[in-house]
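In our numbering, the protein residues as written are 191 to 318.
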């Protein structure tokens, strides 16, 4: 059984890139990755796709919903790289980091275009 299931936007080039990197580091297969743009999301009726496209959603092993950078930190922690995101969860920094994360999430296609040259994945151009 997976310790964390992450629901990510498979149309977002940067999101896909991060999930591919996370998958490579997940040697013990602790994390399930579910693209909310595929029919796989139908197996998770408790996940609101509109909300999951607004902010990263994850479900932990106990069934708790984990959102945004908390989900990101938990995922990287499971693969032994939690220290990368730990400072973003520190008191004081957390509020600012969460504010920036929401700005990123709301503008992820434009930001992806700037960093990858693609604003959006479609027709399998970002698939594994």
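Every residue gets a Cβ at the ideal spot worked out from N, C-alpha and C, and that includes glycine.
Q. Does the distance from the CB of residue 192 to the CB of residue 221 come in under 9 angstroms?
A. Locating residue 192 in the chain shown gives position 2, where the first residue counts as 1. Locating residue 221 in the chain shown gives position 31, where the first residue counts as 1. In contact: residue 192 and residue 221 (Cβ atoms closer than 9 angstroms).
Q: Please look up how many angstroms separate the CB atoms of residue 205 and residue 279, rounded, as I've assumed it's under 8 angstroms.
A: Counted from its first residue, the chain shown places residue 205 at position 15. Counted from its first residue, the chain shown places residue 279 at position 89. Between residue 279 and residue 205 the Cβ distance is about 20 angstroms, and since that is not below 8 angstroms, they are no contact.
(Q) Can you list, in chain order, the residues of its chain with a C-beta nearer than 7 angstroms to that of residue 216? Leave out the 5 residues immediately preceding and following it. (A) Sequence index remark: in the chain shown, residue 216 carries index 26 (1-based). So the list reads 269, once near-sequence residues are dropped.
Q) Which same chain residues, not among the five before or five after residue 284, have their C-beta less than 6 angstroms away from its C-beta? A) Here residue 284 is taken as the residue at index 94 of the chain shown, counted from 1. Residues of the same chain with a CB within less than 6 angstroms of the CB of residue 284, apart from the 5 flanking positions on each side, do not exist.
(Q) Looking only at its chain, what residues have a beta carbon closer than 8 angstroms to the beta carbon of residue 257, apart from the 5 residues adjacent to it on each side? (A) Sequence index remark: in the chain shown, residue 257 carries index 67 (1-based). Only 245, 246, 247, 248 meet the Cβ criterion.
Q: Run the CB neighbour count on residue 236, radius 10 Å, all protein chains shown included, and call it buried at 16 or more, exposed below.
A: Residue 236 sits at position 46 when you count from the first residue of the chain shown. Flag for residue 236 reads exposed.
Q: Go ahead and pull the three-state DSSP assignment for residue 246.
A: Taking the first residue of the chain shown as position 1, residue 246 is located at position 56. In the structure shown, residue 246 sits in coil (DSSP, three-state: anything other than H, G, I, E or B).
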